[in-house]
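Asks: Counted from 1, the sequence shown has number 47 at position 62 by our numbering; the numbering is strictly sequential.
Here a beta-carbon is modelled for each residue, glycine too, at the ideal position from N, C-alpha and C.
Before I ask anything, here is the structure I am working with.
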Amino acid sequence: MKILFTIICTLIILNAKDIEPTFILKSKGFVNDFVIDKTKLYVANDEGSVEVFDIVTKKLVDEIFIEPTLTKKQEWQNVRILSVDRHNDKTLIVSSTVNAFRNVWLHDGKDLKHIIKIKDKVSIKEARFISDEKFLFGTLGYEMILYNTNDSYNKYKVQMEQSSFSDLAVSEDKTTMVTASESGQITISDVKTGKIIDQPKALNLDKVYQVDYKNGTIITAGQDRRVGIYPKNGKPYYLKSDFLVIVRV
-14 MKILFTIICT LIILNAKDIE PTFILKSKGF VNDFVIDKTK LYVANDEGSV EVFDIVTKKL
46 VDEIFIEPTL TKKQEWQNVR ILSVDRHNDK TLIVSSTVNA FRNVWLHDGK DLKHIIKIKD
106 KVSIKEARFI SDEKFLFGTL GYEMILYNTN DSYNKYKVQM EQSSFSDLAV SEDKTTMVTA
166 SESGQITISD VKTGKIIDQP KALNLDKVYQ VDYKNGTIIT AGQDRRVGIY PKNGKPYYLK
226 SDFLVIVRV
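Set out below in C-alpha cells:
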C-alpha cells in the first residue's frame, strides 16, 4: 500500500525535520489528486477508485469505483483516477482510458453518471465544479473549457499558452481561476469568460505541479522544490525546500 502523506496543512514550515504528521492514511494505490469536503477526504488513486476517508475517525468509510477498461490485448485493466472534486454532495471524477482521451463522471452519492466519454475525444487532465451544472476542464494541451451539462455545450475553449497544463484551482466564489503549466508560469483568468486577468512573474523555474488558491492568495509547488507564494496584498516571494511539497490551504 502507498502512503497518503499526512494531511493537509497550511504551509508554514518547510524544513523536513520540523514537519510531523498529525496522522497517516493509506491508499490502495498511488495518489493522483485529493480534496477535503467537511470531515471527508476524497482520494483519487491509480487503482480505479476514489477512496473516502473520515478524517475524524481516520478510517476508510466509502469508495467510488470506476469500471476497468479493456486494453488492446483484450485484458481488463484498472483505470487511473486523475482528478476528483466535490460540490453539494456530488463528486466529479476524471478517469484515464487506453488512449489520450478521458472519461468524466458525476457521482451523486448513489448513481454514477457518464458526462464525457471517449467518443467526445477530449484529453481532460483535471475537472473542477463551478456549479451543479457547469464544470471547468483543463486539457493536456492547456485548453480551458467551461462545460454545461444541461445542454452538453462548451461555453468556451481557450488556449492559455503553449506549455503543457499542470494544475488548476478555483476561487471560493467560483469567479476566478488560477492555472499552472510546465513552464513555471501561473495564469489568473475569469471563469465566466476565460479571459486572462494577469500573468505574474513566475516564481518557479520549472514545472508547477500543484497550485492552490484561497482568500485571494496563490500558493504553488514546483518541480524545482520552490513554493511560490503570491499574497493578495503584498509582494510575491518563494520558499525553498529540500523535498517535494504538497500544498493545500
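1. Quick one: is S12 buried, meaning 16 or more other Cβ sit within 10 Å of its Cβ, or exposed?
2. For the beta strand (DSSP E) holding F15, just list the boundary residues, first then last.
3. Would D152 pass as a contact of Q195 if the rule is Cβ separation under 8 Å?
4. Is the beta carbon of S108 sitting closer than 8 Å to the one on F86?
5. Can you give me the Cβ contacts of I181 inside the same chain, cut-off strictly under 7 Å, excluding the 5 residues immediately before and after it?
6. Throw me the rounded Cβ distance for the Y198 and V163 pair, which I believe falls under 8 Å.
7. For Y222, count neighbouring Cβ atoms within 10 angstroms of its own Cβ and tell me buried if that reaches 16, exposed if not.
8. Got a sec? Which residues, its chain only, sit under 8 Å from W61 by beta carbon, not counting five neighbours each side?
9. Give the DSSP bridge partners of V187, in chain order.
10. Using only CA atoms, which one of K220, E167, N218, T178 lies nearest to A206?
11. DSSP on K102, reduced to helix/strand/coil?
12. With respect to 7 Å, is the separation between the Cβ of Q208 and the closest non-hydrogen atom of the ligand FAD below this value?
13. Can you tell which of S137, F150, R210 has its C-alpha closest to the C-alpha of G126?
14. What distance in whole Å lies between the Cβ atoms of V155 and K131, which are believed to be in contact at a cut-off of 8 Å?
15. What are the boundary residues of the beta strand (DSSP E) that Q195 is part of?
16. Suppose the cutoff is 8 Å on Cβ atoms and the five residues either side in sequence are ignored; what does the same chain contact list for K44 look like?
17. Which whole-angstrom value describes the C-beta separation of V83 and D18, a residue pair presumed to lie in contact below a C-beta threshold of 8 Å?
18. If we require 3 or more residues per run, which beta strand (DSSP E) segments fall completely within the stretch 27 to 107?
19. Should G213 go down as buried or exposed, given a rule of 16 or more other Cβ atoms within 10 Å for buried?
20. Shortest alpha-carbon distance to K192 belongs to which of D209, P185, I204, N200?
21. When DSSP builds the beta bridges, which residues end up paired with M162?
22. What's the C-alpha gap between K98 and K140?
23. Taking DSSP as the reference, what is the three-state secondary structure of R210?
24. Three-state secondary structure (DSSP) at I130?
25. DSSP has E118 in a bridge; who is on the other side?
Replies: Per the coordinate set shown:
1. buried
2. Looking at the DSSP string, F15 is not in any beta strand (DSSP E), and its letter there is neither H nor E.
3. yes
4. yes
5. T172, S174
6. 5 Å
7. exposed
8. P53, T54, L55
9. The question names Val, but residue 187 is Ala in the sequence shown. Answer by DSSP bridge pairing: none, since A187 is not bridged.
10. E167
11. coil
12. The ligand FAD is not part of this structure, which contains no ligands at all.
13. F150
14. Note on identity: in this sequence residue 131 is Leu, with Lys being the wrong assignment. Their Cβ separation, rounded to whole angstroms, is 11 Å, which puts L131 and V155 out of contact at 8 Å.
15. 193 to 199
16. F38
17. With 8 Å as the limit, V83 and D18 do not qualify as a contact, their Cβ atoms being about 21 Å apart.
18. 34 to 39, 44 to 50, 66 to 72, 75 to 80, 88 to 92, 97 to 101
19. buried
20. D209
21. V155, S174
22. 21 Å
23. coil
24. strand
25. Answer by DSSP bridge pairing: none, since E118 is not bridged.
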